Amino acid sequence: MNNKRVLYVSSEVVPYLPETEISSMSFEAPKMVNSKGGQIRIFMPRFGNINERRHQLHEVIRLSGMNLVINDMDMPLIIKVASIPKERIQVYFIDNEEYFKRKATFTDEEGNLFPDNDERAIFFAKGVIETVKKLNWAPDIIHVHGWMASLLPLYLRKYYKDEPLFTDSKIVTSVYKQEFEGTLDKEMLNKIKFDNIGDGNVEILAEPNYSNLLKVAVDHSDAVVIASEEIPTDVREYLTGLEKPVLEYKNSEEFADAYTDFYNTKVLNLG
């Protein structure tokens, strides 16, 4: 992995959010690549329940300031950054007052999904890509974790298909266990089509449930990591029909060598 550039895009990362399968792996995998001489960047949403003072987040003025159009609305993009203590790892936070100020991640106090989670996911995907463009940092691998990051492969392959910075980037999506019940806003498909994205199997997002979000992510990725022991049955069956590299589940003791080998022998060698 020496000098390889790996971009990690995740819904959640420790120590900024509580420890889960996703937040832990979104820290451990970059840490592993970092230790092997790779160059990494991590992106996550700046949820309102992240303590900015404790974690020493600060706005990066030169990266902030642009507006992203979401369903015909101009939404200001704010970029913040922090360093994970003792790891020499920088984390970039995608922020917007409308989408991320509330003191919660995905659901309200009653456990109901926020009605604008679909727009938050679109904003996050666009925000990451626009910020990486401003950094002029061309990743060799882009590794996606968590459903709120699941639109990034689609937007990279369709909306940003002519962006030269990502021409040689390989996309890996990690598939985790079921993260939410029900669906996001049923208008999600129309909001994606507003960006002139109408092909590439996005029609399944007429039913924007957890499994269908993952299927769209997988469709537009080059390789897949099964990151939980149990994943939705329909997603497991979907993976068997795809002709792309799939890394089976590895526990915390096994993952480092397995991920390194997968990156080097499967992902980076893809044509």
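Residue numbers (the working numbering): 1 to 271.
From the three backbone atoms N, C-alpha and C, an ideal C-beta is built for every residue, glycine too.
Keep in mind that this is a model prediction, so the values were computed, not measured.
Check your understanding: Helix, strand or coil: which one does DSSP assign to V225?
Key -> strand
Check your understanding: Assuming H58 contacts V81 under a Cβ cut-off of 8 Å, what Cβ separation, rounded to an integer in Å, is found between them?
Key -> 7 Å
Review point. Where N34 and A258 are concerned, what is the direct C-alpha to C-alpha distance, given to the nearest angstrom?
Key: Between N34 and A258, the C-alpha separation is close to 16 Å.
Exercise for review: Name the two residues that bound the continuous alpha helix (DSSP H) containing R53.
Suggested key: E52 to H55
Exercise for review: Quick one: grab the DSSP three-state call for K170.
Suggested key: strand
Review point. Ordered along the chain, which non-local residues of its own chain (more than five positions away) have a Cβ less than 8 Å from that of N67?
Key: D74, M75, P76 and L77
Check your understanding: Which whole runs of the alpha helix (DSSP H) in the segment 10-78 are 4 residues long or more, in chain order?
Key -> 21-35 and 52-55
Exercise for review: Using only alpha-carbon positions, find the residue among I129, W147, N190 and K191 that is nearest to D162.
Suggested key: I129
Practice item. Name the residue from N49, P139, R5 and N71 whose alpha carbon lies nearest to the alpha carbon of P15. Key: N49
Point to revise | Cβ neighbours of E229 in the same chain (closer than 7 Å, five flanking residues each side left out) | key: Here the set comprises Y249.
Check your understanding: Out of L242, Q39 and K86, which has the shortest C-alpha to C-alpha gap to A138?
Key -> Minimum Cα distance to A138 is reached at Q39.
Review point. Short check: CB of L247 to CB of D140, under 8 Å?
Key: no
Practice item. Grab the span of the alpha helix (DSSP H) containing V128 for me, first residue to last. Key: N117 to L135
Review point. What residues in its chain sit with their C-beta under 7 Å from that of D195, if we drop five residues either side in the sequence?
Key: Y159
Point to revise | Cut-off 7 Å between Cβ atoms - residues of its own chain near D234, not counting five sequence neighbours on either side | key: S211
Check your understanding: Whose C-beta lies closer than 6 Å to the C-beta of E119 among residues of the same chain, with five residues either side of it excluded?
Key -> I70
Check your understanding: So does the segment 177-193 actually touch the segment 201-210, counting three or more Cβ pairs closer than 8 Å?
Key -> yes
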